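2 protein chains.
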Amino acid sequence: MNVRGSLRIVGIGPGSEAWITPEASALISRATDLIGYAPYLDRLPLMPGQVRHQSGNGEELERARHALRLAGEGRDVALISGGDPGIFAMAAAVFEAIDEDEACWRDIDIAVSPGISAMQAAAARIGAPLGHDFCAISLSDNLKPWPLVEKRLAAAASADFVIALYNPASAARPHHIHEAFALLRGLKPASTPVVLARAVGRADERILVESLESADPGFADMSTLVIVGSSESRIVPRNGSVPFVYTPRRAKVAR
Amino acid sequence: MNVRGSLRIVGIGPGSEAWITPEASALISRATDLIGYAPYLDRLPLMPGQVRHQSGNGEELERARHALRLAGEGRDVALISGGDPGIFAMAAAVFEAIDEDEACWRDIDIAVSPGISAMQAAAARIGAPLGHDFCAISLSDNLKPWPLVEKRLAAAASADFVIALYNPASAARPHHIHEAFALLRGLKPASTPVVLARAVGRADERILVESLESADPGFADMSTLVIVGSSESRIVPRNGSVPFVYTPRRAKVAR
Numbered sequence: 002m003n004v005r006g007s008l009r010i011v012g013i014g015p016g017s018e019a020w021i022t023p024e025a026s027a028l029i030s031r032a033t034d035l036i037g038y039a040p041y042l043d044r045l046p047l048m049p050g051q052v053r054h055q056s057g058n059g060e061e062l063e064r065a066r067h068a069l070r071l072a073g074e075g076r077d078v079a080l081i082s083g084g085d086p087g088i089f090a091m092a093a094a095v096f097e098a099i100d101e102d103e104a105c106w107r108d109i110d111i112a113v114s115p116g117i118s119a120m121q122a123a124a125a126r127i128g129a130p131l132g133h134d135f136c137a138i139s140l141s142d143n144l145k146p147w148p149l150v151e152k153r154l155a156a157a158a159s160a161d162f163v164i165a166l167y168n169p170a171s172a173a174r175p176h177h178i179h180e181a182f183a184l185l186r187g188l189k190p191a192s193t194p195v196v197l198a199r200a201v202g203r204a205d206e207r208i209l210v211e212s213l214e215s216a217d218p219g220f221a222d223m224s225t226l227v228i229v230g231s232s233e234s235r236i237v238p239r240n241g242s243v244p245f246v247y248t249p250r251r252a253k254v255a256r
Numbered sequence: 002m003n004v005r006g007s008l009r010i011v012g013i014g015p016g017s018e019a020w021i022t023p024e025a026s027a028l029i030s031r032a033t034d035l036i037g038y039a040p041y042l043d044r045l046p047l048m049p050g051q052v053r054h055q056s057g058n059g060e061e062l063e064r065a066r067h068a069l070r071l072a073g074e075g076r077d078v079a080l081i082s083g084g085d086p087g088i089f090a091m092a093a094a095v096f097e098a099i100d101e102d103e104a105c106w107r108d109i110d111i112a113v114s115p116g117i118s119a120m121q122a123a124a125a126r127i128g129a130p131l132g133h134d135f136c137a138i139s140l141s142d143n144l145k146p147w148p149l150v151e152k153r154l155a156a157a158a159s160a161d162f163v164i165a166l167y168n169p170a171s172a173a174r175p176h177h178i179h180e181a182f183a184l185l186r187g188l189k190p191a192s193t194p195v196v197l198a199r200a201v202g203r204a205d206e207r208i209l210v211e212s213l214e215s216a217d218p219g220f221a222d223m224s225t226l227v228i229v230g231s232s233e234s235r236i237v238p239r240n241g242s243v244p245f246v247y248t249p250r251r252a253k254v255a256r
């Protein structure tokens, strides 16, 4: 099979056009076909002659297969991902499909274009909370058992990582962030800085700086990224502004 | 004190100009002063009338103070950081200086502009190795005790995180990545996929896909980012090309 098409898995960041890389913009403008979740496609300029394939949220594996089929048919496809495709986004689904489905898909010209992920945008808005060793955990249990999430939260707390929480809550599963906070409150100091960043880079952006004790997990929705500090993370108050939060580059051995 | 200047801490990604965001480019072009490690400044176009303050590697806190002093004097300063300023780069040093030094620095107009970090660029080149829960650990012990690094590596292995290793080796400390591999080899399967990504986005880019058993830690230098997979991470061979590496979105509870 002579495969002439191509697939680019393109990250457009978390909301602001100013965070879409030149590589991503170039790949989007030269594609014959764009595939993606409708709100992501709506953020991109219409190009003459370009075909748009909108899909709903979820169904990531089917969206990935659709993109691979089109590329296999000779189209130049840009599969649009929010944030960074490689971080809790579309890239893993594509490589799952390649690994498990059609052997010929391995010969497609395929590449990933990285983007700004939500934790980076949230961190940039507030200071440098990810300034030292950190981990990123998705609280969705669609595809993994909740006990594995608990195990990872406990390990992250025990080794004093800063913790970035993706998918803290959804309409169907609003309780995960409550359970995660309950677990972390039993393992980390009440004064640990917490950042709740909703819709970063969008018009309705809202960011709260709290402590682990005071933070309301009910604030988090599916557009929210939560950062829980390490024992070293600090809040720097400011006059009339949201405080800064940062994690110093130096650290001690955690108790 | 009436502070009129500004400080922007700007990430320019890991090497390729195609990964510099429009926000970063705009902030760089409108600055009166650029401050940064010389090789980063060399990647940027010269602007008429703009003052460049080059510094050596290391000395991050002094560079941060220099930037804050200039902004406090009314200059519009862009402090240039490789990668993402918030991930093992310049932002934490600036907020340390603000927290610990001059109280008036808290009133400076200051913001961070995120960038593509090395782990994202490395992941994009090879597939989606960070496709599920992961952690990022710096192997430098300049500012933290080595036992804390060991504790975090062990916790990451026990909870089956994908592990991104920054600063795996330097001329002064070539042995850290060897020690880290020795520790991880005792805790994780020999077949665990490992990605060694040197100088991603630069002309001398070189990326190796190995197993934890076969990977040569001696390959890693200060320009290398290392990714060690989870028990779920997979290598997808291809005809005549570097294989893909990805971590599926689904996971089991680790043994």
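So the protein lines, in turn, are chains A and B. Quick note: the first sequence uses our numbering, first residue 2, plus one each step. Quick note: the second sequence uses our numbering, first residue 2, plus one each step. Even glycine gets a Cβ: it sits at the ideal position worked out from N, Cα and C. None of the values given here were measured: they were computed from a predicted structure.
Nearest-angstrom Cβ-Cβ length linking residue i and residue j, presumed shorter than 8 Å
i: Leu213 of chain A; j: Phe220 of chain A; result: Not a contact, Cβ separation roughly 14 Å.
i: Gly116 of chain B; j: Gly12 of chain B; result: 2 Å
i: Gln55 of chain A; j: Ala39 of chain A; result: 4 Å
i: Leu69 of chain B; j: Leu8 of chain B; result: 6 Å
i: Ile228 of chain B; j: Val163 of chain B; result: 7 Å
i: Gly83 of chain B; j: Tyr41 of chain B; result: 5 Å
i: Val246 of chain B; j: Ile236 of chain B; result: 6 Å
i: Phe135 of chain B; j: Cys105 of chain A; result: Rounded, the Cβ-Cβ distance is 30 Å, inconsistent with contact.
i: Asn168 of chain A; j: Ser141 of chain A; result: 4 Å
Proximity winner among the options, relative to residue i (alpha-carbon distances)
i: Pro190 of chain A; options: A:Gln121, A:Gly230 and A:Ala124; result: A:Gly230
i: Gln51 of chain A; options: A:Ala25, A:Asp77 and A:Asp34; result: A:Asp34
i: Ala170 of chain A; options: A:Met223, A:Ser114, A:Lys253 and A:Ala90; result: A:Met223
i: Val150 of chain A; options: B:Leu154, B:Ala19, B:Arg9 and B:Arg251; result: B:Arg251
i: Leu197 of chain A; options: A:Arg203, A:Ala204, A:His179 and A:Pro218; result: A:Pro218
i: Gly14 of chain B; options: B:Asp142, B:Ser234 and B:Ala119; result: B:Ala119
i: Val201 of chain A; options: A:Trp147, A:Leu226, A:Ser242 and A:Ile164; result: A:Leu226
i: Leu62 of chain B; options: B:Leu144, B:Arg53, B:Ser139 and B:Gly6; result: B:Leu144
i: Thr248 of chain A; options: B:Ser215, B:Glu206 and B:Asp100; result: B:Asp100
i: Ala181 of chain A; options: A:Ile138, A:Arg199, A:Ser192 and A:Arg207; result: A:Ile138
i: Ala72 of chain A; options: A:Ser234, A:Arg153, A:Ile10 and A:Arg207; result: A:Ile10
i: Leu154 of chain A; options: A:His67, A:Ala90, A:Ala173 and A:Ile178; result: A:Ile178
Exposure of residue i, with buried meaning 16 or more beta-carbon neighbours within 10 Å
i: His176 of chain B; result: exposed
i: Asn3 of chain B; result: Any answer about Asn3 of chain B is weak, because its pLDDT of 49 lies below 50 and its placement is not dependable; what the coordinates show is given next. With fewer than 16 Cβ atoms within 10 Å of its Cβ, Asn3 of chain B is classed as exposed.
i: Val254 of chain B; result: exposed
i: Asn240 of chain A; result: exposed
i: Glu60 of chain B; result: exposed
i: Gly57 of chain B; result: exposed
i: Asp205 of chain B; result: exposed
i: Pro194 of chain A; result: buried
i: Asp43 of chain B; result: exposed
i: Asp110 of chain B; result: exposed
i: Ala165 of chain A; result: buried
i: Pro49 of chain A; result: exposed
i: Pro148 of chain A; result: exposed
i: Leu28 of chain A; result: buried
i: Met199 of chain B; result: Just to set this straight, residue 199 of chain B is Arg in the shown sequence, not Met. That one is buried.
i: Ala172 of chain B; result: exposed
i: Leu80 of chain A; result: buried
Minimum Cβ-Cβ distance from residue i to chain E less than 8 Å
i: Leu144 of chain B; result: Within the model displayed, chain E is absent; protein chains A and B are what it includes.
Subject >> Three CB pairs or more closer than 8 Å across the segment 145–164 of chain A and the segment 178–191 of chain A >> reply: The segment 145–164 of chain A is in contact with the segment 178–191 of chain A.
**OP:** Say whether the segment 67–85 of chain A touches the segment 22–42 of chain A, bearing in mind that this needs 3 or more beta-carbon pairs closer than 8 Å, one atom from each stretch.
**Re:** With the cut-off at 8 Å, the segment 67–85 of chain A and the segment 22–42 of chain A touch.
Original post:
Quick check: the segment 121–129 of chain A against the segment 88–100 of chain B, are there 3 or more CB pairs under 8 Å?
Top reply: Touching, yes, given that three or more Cβ pairs across the two stretches are closer than 8 Å.
**OP:** Write down every uninterrupted run of the beta strand (DSSP E) in the segment 191–218 of chain B whose length is 3 residues or greater and which is fully enclosed by it, in chain order.
**Re:** 194–199 and 207–212, all fully within the segment 191–218 of chain B.
Subject >> the segment 104–118 of chain B in contact with the segment 117–125 of chain A per 3-pair CB rule at 8 Å >> reply: Touching, yes.
Original post:
Which full runs of the beta strand (DSSP E) of 3+ residues lie inside the segment 23–101 of chain A, going along the chain?
Top reply: Whole beta strand (DSSP E) segments, 3+ residues: 34–38, 52–56 and 77–82.
Subject >> the segment 15–22 of chain A in contact with the segment 13–27 of chain B per 3-pair CB rule at 8 Å >> reply: Taking 8 Å as the limit for Cβ pairs, the verdict is that the segment 13–27 of chain B does touch the segment 15–22 of chain A.
Subject >> Whole runs of the alpha helix (DSSP H) within the segment 120–163 of chain A, excluding any shorter than 4 residues >> reply: Fully enclosed alpha helix (DSSP H) runs of 4 or longer: 147–159.
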